[in-house]
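Q: So that you can map any letter, position 149 of the sequence shown is 1419 in this note's numbering, and since no number is skipped, the others follow by simple counting. Glycine included, C-beta positions come from ideal geometry on N, C-alpha and C. Just so we're clear, the structure is a prediction, and the values are computed from it rather than from any experiment. Before I ask anything, let me first share the structure, which is written out below as structure tokens.
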Amino acid sequence: MKIPEPYFGKLFKPFVFLLALLPGILLGWNAWQDNLGANPIETITHQTGDWTLRFLLITLSISTLRRWMGWGQLIRLRRMLGLYAFFYATLHLFTYLWLDQFFWWEEILADILKRPFITVGMLAFVLLIPLAVTSTNAMIRRLGKNWLKLHKLIYLIALLGVLHFWWLVKADVREPFIYMAILALLLGERIWHSWRFKRQFL
Ligand code: HEM
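Following this line, the structure appears as structure tokens:
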């Protein structure tokens, strides 16, 4: 599969950019319209958390889709989608820091130490920062092979994200289970792919 070159860069990529921004725009619009239900802070926290996890998984699925669909161009969307995961994670974190905890740092620190799901979420966010910072072309060139090693952290981040979700739901784990199953499939496909690749050269 291939979209003719000028259309990919000039139309398809901007279209995906706007599509990925849509959840944020809708959230902002609904907040403006006072349409976020009885507990707006909870709604914002949940929606930004959901979109962070979705974009992490979407970013991870790019290589798999590229292999299975033979659609090489997809790789050119990966950085943008990864940065969207960081964008929604930042919104998610700031909703917690600002709207939930009012930047009450002692309370925030105590919460990070006390509630394991917050500890894990915070760890996932901290690990996302070096990936976002090193996403520029200059950084990719500068880091060389180490860039690939560093960006393997995305697997751990996605795993921590799922764990964070799993830990916070009280009883019904169906939703985090779906994310976990998708992550397991994506990781399984990668392991299988690299095993097949190595076997070819033995
Ligand atoms: C990569 C990082 C993160 C991911 C992928 C993530 C993902 C999620 C998801 C999927 C939810 C549940 C949404 C739902 O119920 O529909 C959630 C909820 C939540 N997250 Fe995160 N999160 C991350 C980081 C953080 C951080 C850094 C904090 C705060 C320090 C945080 C605080 C919360 C809170 C307070 C909730 C709501 C808990 C509740 O409903 O009781 N998250 N997050």
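1. Examine ligand 1 and report whether any of its heavy atoms sits within less than 7 Å of the Cβ of Leu-1433.
2. Are at least three pairs of beta-carbons, each pair with one atom in the stretch 1404-1424 and one in the stretch 1447-1458, less than 8 Å apart?
3. Should Phe-1287 be labelled buried (16 or more other beta-carbon atoms within 10 Å of its own) or exposed?
4. With C-beta atoms as the reference, is Phe-1325 less than 8 Å away from Tyr-1366?
5. Taking only beta-carbon atoms, is Ile-1345 less than 8 Å away from chain C?
6. From what residue to what residue does the alpha helix (DSSP H) around Asp-1381 run?
7. Would you decide whether Leu-1395 is buried or exposed? Buried here means 16 or more other CB atoms lie within 10 Å of its CB.
8. For Gly-1391, which residues from the same chain have a beta carbon less than 7 Å from its beta carbon, with the 5 sequence-adjacent residues on both sides left out?
9. So the alpha helix (DSSP H) Pro-1446 belongs to, where does it begin and stop?
10. On the CB-based measure, 16 or more other CB atoms within 10 Å of its CB, does Tyr-1277 come out buried or exposed?
11. Suppose you measure from the CA of Ile-1382 to the CA of Thr-1360; what does that come to, to the nearest Å?
12. Taking 8 Å as the threshold (C-beta atoms), are Gly-1352 and Leu-1401 in contact?
13. Excluding the 5 residues flanking Leu-1453 on each side, which residues of the same chain have their C-beta closer than 7 Å to its C-beta?
14. Would you call Trp-1321 buried or exposed, if buried means 16 or more other Cβ atoms sit within 10 Å of its Cβ?
15. To the nearest whole angstrom, what separates the beta carbons of Phe-1387 and Leu-1426, a pair I think is in contact under 8 Å?
16. When the Cα atoms are used, what is the spatial distance from Ile-1273 to Thr-1404?
17. If distances are taken between C-alpha atoms only, which option among Ser-1464, Thr-1406, Phe-1364 comes closest to Thr-1315?
18. Compute every distance between the C-beta of Ala-1380 and the non-hydrogen atoms of ligand 1, then say whether any falls below 7 Å.
19. Below 8 Å on the Cβ atoms is my contact criterion, and I expect Trp-1341 with Met-1271 to pass it. Report the Cβ-Cβ distance as a whole number of Å.
20. Whose C-alpha, out of Arg-1466, Thr-1329, Trp-1374, is nearest the C-alpha of Lys-1422?
21. Helix or strand or just coil, what does DSSP make of Val-1439?
A: On the basis of the data shown:
1. no
2. no
3. exposed
4. no
5. The structure shown contains no chain C; it is built from a single protein chain.
6. 1375-1384
7. As written in the sequence, residue 1395 is Phe, which differs from the Leu given in the question. Phe-1395 is buried by the Cβ-count criterion.
8. Here the set comprises His-1434.
9. 1444-1470
10. Burial check for Tyr-1277: the Cβ neighbour count within 10 Å stays below 16, so the residue is exposed.
11. 16 Å
12. yes
13. Leu-1327, Ala-1428, Leu-1429, Val-1432
14. buried
15. Actually they do not touch by this definition, with Cβ atoms about 16 Å apart.
16. 28 Å
17. Phe-1364
18. no
19. 4 Å
20. Thr-1329
21. coil
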